[in-house]
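The sequence shown begins at 1 in full-length UniProt numbering and counts up by one.
Ideal Cβ placement from N, Cα and C applies to all residues, glycine included.
Only one structure is covered here, and it is reproduced in the block below.
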Amino acid sequence: MPTFTNQTQHFIMSQKILLTSKEVNIILHRLACQLIEKHLDFSDTILVGIQPRGTFLAERLKEILQNEYHVKEIALGYLDITFFRDDFRRTEKPLEANKTQINFLVENKKVIFIDDVLYTGRSIRSALTAIQSFGRPAEIELLVLIDRRFSRHLPIQPDYRGRQVDSINNEKVKVSWKEQEGEDVVYLVTN
Numbered sequence: 001m002p003t004f005t006n007q008t009q010h011f012i013m014s015q016k017i018l019l020t021s022k023e024v025n026i027i028l029h030r031l032a033c034q035l036i037e038k039h040l041d042f043s044d045t046i047l048v049g050i051q052p053r054g055t056f057l058a059e060r061l062k063e064i065l066q067n068e069y070h071v072k073e074i075a076l077g078y079l080d081i082t083f084f085r086d087d088f089r090r091t092e093k094p095l096e097a098n099k100t101q102i103n104f105l106v107e108n109k110k111v112i113f114i115d116d117v118l119y120t121g122r123s124i125r126s127a128l129t130a131i132q133s134f135g136r137p138a139e140i141e142l143l144v145l146i147d148r149r150f151s152r153h154l155p156i157q158p159d160y161r162g163r164q165v166d167s168i169n170n171e172k173v174k175v176s177w178k179e180q181e182g183e184d185v186v187y188l189v190t191n
């Protein structure tokens, strides 16, 4: 419910915890195990974190795969999709691009796109276009921490999902990573 003070409108936001740090950790290990089941030694598999928020998840998964499941070598890259988005010219403020860091060819490799939240599917569509600059993958999969159902604009579904969330338009999923915000937690925020 809005409150008004001095001619300024303030909205009360509510925030509900969807996943605690412990739950995020459990999900990360489950996702790592699912990746191992499908890709075994990762010799033909590449992890690609979608900039900016997918990079934290991708780094964390690589760390778990190497340190806890002893996968020796995992190729990890970061893909910026800013100028591949279909809405990048529709905004008033200039967009800030992130850095693409893919120091290997993706030709005939299995590529796993990694992002924190799957919402409309437009970011993934952009990533599908952007990755073509680095070769033609044999296969592309999608891993997300949160899959927001009922909000897709494109027919894109994840191959691996941490948690499925049914949310409506005025709700937003906010993922906090300890590397950036100091804690691993996922919120459902309502305006």
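Residue span of the beta strand (DSSP E) that contains residue i, given as start and end
i	result
residue 171	171–176
residue 28	Residue 28 -> not in any beta strand (DSSP E); alpha helix (DSSP H) instead, spanning 21–39.
Buried or exposed by the 16-neighbour rule on C-beta atoms within 10 Å, applied to residue i
i	result
residue 17	exposed
residue 182	exposed
residue 168	exposed
residue 38	exposed
residue 84	buried
residue 51	buried
residue 115	buried
N- and C-terminal bounds of the alpha helix (DSSP H) containing residue i
i	result
residue 129	122–130
residue 63	54–67
Residue nearest to residue i in terms of C-alpha spacing, selected from the options
i	options	result
residue 120	73, 144, 177	144
residue 133	57, 74, 105	105
residue 128	156, 70, 68	156
residue 139	158, 108, 154, 147	108
residue 135	13, 46, 21	46
residue 151	130, 75, 131, 173	173
residue 98	20, 189, 117, 80	80
Contact check, residue i vs residue j, beta carbons under 9 angstroms
i	j	result
residue 117	residue 148	yes
residue 175	residue 53	yes
residue 100	residue 75	no
*Decide yes or no for the touch test of the region 29–36 against the region 153–170: beta carbon pairs closer than 8 angstroms, at least 3 of them.*
yes
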